[in-house]
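Sequence lines, in order, name chains W and L. Numbering that gives the first Met the number 0 numbers the first residue of the first sequence as 0 and each following residue consecutively. Numbering that gives the first Met the number 0 numbers the first residue of the second sequence as 0 and each following residue consecutively. All remarks here apply to the structure that follows.
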Amino acid sequence: MGRITLDKVRKAFGEVEVIPPLDLTIEDGEFVVFVGPSGCGKSTLLRLIAGLEDVTSGVISIDGADATMVPPAKRGLAMVFQSYALYPHMSVRKNIAFPMKMAGIPQDEQNRRIEAAAKALNLTDYLDRRPGQLSGGQRQRVAIGRAIVREPAAFLFDEPLSNLDAALRHGMRLEISELHKRLDTTMIYVTHDQVEAMTMADKIVVLQGGVIEQVGSPMELYRTPRNIFVAGFIGSPKMNLLTGEEAAKRGAHTVGIRPEHVTISTTDGAWKGTVGVAEHLGSDTFLHVHREGATDPMTVRVDGEFSAKHGDTVWLTAQEEQIHKFDADGLRIA
Amino acid sequence: MATQHSRSAARIMMAPAVFFLLVWMLVPLCMTLWFSVRDFRPLRGGDNGFVGLENFVRFVSSSAFWPAILTTLMIVGGVLLISIVFGVLLAILLDKPMWGQGIVRILVIAPFFVMPTVSALVWKNMFMDSVNGVFAHLWRFFGADPVVWLSEVPTFSIVMIVSWQWLPFATLILLTAIQSLDSEQLEAAEMDGASPLSRFFYITLPHLSRAITIVVLIQTIFLLAIFAEIFVTTGGAFGTRTLTYLIFQRVLESQNVGLGSAGGVYAIILANIVALFLMRIVGKNLDK
Ligand SMILES: Nc1ncnc2c1ncn2[C@@H]1O[C@H](COP(=O)(O)OP(=O)(O)OP(=O)(O)O)[C@@H](O)[C@H]1O
Ligand SMILES: [Mg+2]
């Protein structure tokens, strides 16, 4: 009830090809996250699926039926916009009722669904307010409520949390994940925040310049990034990438070592270095260590209790089995 | 920083302007009030002294009064209706990206810069003339009898001329309002299954409501005072005499300044009632 397939879908704005031919299958009930840097075509891809943009060529099918030429309203998809796109002159209740009113659903059924959605989203007390009188998080929930009541085949989210502050973002992240577990409906979620991608997704689609770099579960992408771009994009803080002698020694053009896969010692190790900036998160500390003879500092994750001052000398050792190797084209060497 | 000193200095500097404006407004008002209670006929004996409220009673009881009020309301209402309906449609049209948009927008605004007297003359002689007017040619082309616009449908003709002048103003304000409509709202409505027509009625029109009220308010105030269009076309004949025009006739054609002034006082009251009424609507609209 929500299987979406893209077959050689291509999108060009005039001369500019934003999305070269692209294949993708989204299974029913899956939580798929499109992630990538700004301008890589995530929103465009989502809008193609929604039907708000016409594909230049290719086929989009929903549940096996060709939906390429089907107008947005008939695709059975609901979208939550980054700006929420609530109707400012309608009360929360009317906002949520709007899609049902357009579909001609009877009034008592409308009320039943509104009550259910309001209860699920903690909006019961706000039903008679206007969007202008709500906080950012509440508006976001109204937008989600408006999507839920349509009982769509799939939900589309375009960076829904980017206007919220950090604490609220974390809360809403949990709520959306929770909602997905409960409704068991396909969700496609666009973000440029890899933390959102890692924590929420069943499947992550990493995009760059309209091209899919890799598709996989969060842990697959974390353990076996297919190329340097994915390796650098997934994981926080970023993977350390070394070229030159260290890479050549291991038979690669570039090697990648995650900050959590480096052990630190005050007495001995493979590389000697001095501690630069230390970022304390409490539970962990990220140390930027300047290795002797290297230009870029190496990021190392250490226990929050580890004490190291600026300028201290430390020794670093990489966990050999955790090192990612890439060839000259940036592709992973198995 | 507004210190005590600089504030009083500012007050002194502003005083001449405030005083000037006050005099500018109060002198004619007081003179109108003064004349309205006197029997003042410059060509027939001049000032014949105080007559109390007689002028007011005579102005209202004249057979021309109620028709004039009705004509005023019809012209104001007609022009408002036409300029809002077509203004909204034009604004939607001009908001769509199209070739030569800049030039089209300037052309649409152009009538607003034409002086009322000129535009009324152009309409009267070029379009509405029953022998050589463009409309007459058009009618004959289709084999119909040309309409003698200014005598057969005089009020409608004047509404048309005035609408032509005020439509650009309405379009301009409504266009800027439409441009501030968030396109994601329309897309959201589209995804919610709203047809283009329901998108217009549920999203675009409510978004425009404030701009529409402002257009109504501003236009009403100006439309109550239209004069040149009537003066150069029908000269107040064929039932196109508005309140403003009636006052003009009383003062200049019948040379009865007292009676005309009483009419002027009625016009001031009428304008204020309308303004009060509209202010309340706008206030309510701005509260939202
Ligand atoms: N209507 C349009 N006309 C022309 N080019 C467009 C249009 N919409 C998007 N683009 C281009 O397509 C590319 C992808 O845009 P898109 O909005 O999909 O990026 P994004 O991945 O969503 O970025 P962000 O994370 O900043 O939202 C951009 O380079 C953009 O300039
Ligand atoms: Mg985007």
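Virtual Cβ for every residue (Gly too), placed ideally from N, Cα, C.
Closer than 7 Å at the C-beta level to chain L, one finds these residues of the region 87-104 of chain W: H88, F97, P98, M101, A102.
Per DSSP, G101/L is one residue of the alpha helix (DSSP H) stretching across 100-108. In this structure, K41/W has its beta carbon less than 7 Å from a heavy atom of ligand 1.
A Cβ of chain W is located within less than 8 Å of the beta carbon of Q184/L. Judged by DSSP secondary structure, S60/W falls within the beta strand (DSSP E) whose first and last residues are 56-61. Distance between T185/W and D62/W, taken at the CA atoms: about 11 Å. By alpha-carbon distance to I81/L, the top candidate from L120/L, V250/L, Q164/L, A274/L is Q164/L. The beta carbon of S37/W sits closer than 7 Å to at least one heavy atom of ligand 1. Classified as buried, T203/L has 16 or more neighbouring CB atoms from the shown chains inside 10 Å of its CB.
When DSSP assignments are scanned along the region 71-155 of chain W, the uninterrupted stretches of beta strand (DSSP E) that are 3 or more residues long and fall wholly within it turn out to be 76-79. In the DSSP annotation of this structure, the continuous segment of the alpha helix (DSSP H) that includes N54/L starts and ends at 53-60. Here S118/L is buried, its C-beta having at least 16 other C-beta atoms within 10 Å.
According to the DSSP assignment, H179/W belongs to the alpha helix (DSSP H) that extends over 165-182.
The continuous stretches of beta strand (DSSP E) do not include A67/L, which lies in the alpha helix (DSSP H) extending over residues 64-94.
CA-to-CA, the gap between L245/L and L222/L works out to about 15 Å. Between ligand 2 and the CB of E150/W, the shortest heavy atom gap is not smaller than 7 Å. Excluding its 5 nearest sequence neighbours in each direction, A246/W has C-beta neighbours in its own chain below 7 Å: H252, T253, V254, listed in chain order. Non-local C-beta neighbours of P87/W in its own chain, meaning closer than 8 Å and more than five positions away in sequence, comprise R129, P130, G131, ordered along the chain. Not a single C-beta of chain L is nearer than 8 Å to the C-beta of M186/W. Membership of K237/W in any alpha helix (DSSP H) is not indicated, and neither H nor E is assigned to it by DSSP.
Sixteen is the threshold: since fewer than 16 other Cβ atoms of the shown chains lie within 10 Å of the Cβ of I332/W, the residue is exposed. The residue from S260/L, S253/L, T233/L with its alpha-carbon nearest to that of W122/L is T233/L. The C-beta of E114/W has fewer than 16 other C-beta atoms within 10 Å across all chains shown, which makes the residue exposed. Against chain L, the CB of P159/W has no partner CB under 8 Å away; the residue lies outside that interface. DSSP places E219/W within a helical segment (H, G or I) once states are collapsed to three. A Cβ-Cβ distance of about 14 Å is found for the pair V32/W and Y221/W, leaving them out of contact under the 8 Å criterion. Within 7 Å of the C-beta of D192/W there is not a single heavy atom belonging to ligand 2.
Put simply, the CB of M13/L is far from chain W, with every gap to its CB atoms at 8 Å or more. Contacts with chain L at 8 Å (Cβ-Cβ) do not include A166/W. Following the DSSP letters along the chain, one finds H279/W inside the beta strand (DSSP E) bounded by residues 270-279.
Taking 8 Å as the cut-off, the Cβ atoms of V288/W and G272/W count as close.
Remark: C-beta atoms of R140/W and L167/W do not approach each other more closely than 8 Å.
Along the region 199-212 of chain L, going in chain order, the ones with a CB nearer than 9 Å to a CB of chain W are Y201, I202, P205, H206, S208. With contact defined as three or more Cβ pairs closer than 8 Å, the region 204-212 of chain L and the region 169-183 of chain L are in contact. Residue contact check for P130/W against chain L: no CB pair falls below 8 Å. Of the residues L277/L, A266/L, V256/L, A224/L, the one whose Cα lies closest to the Cα of V75/L is A224/L.
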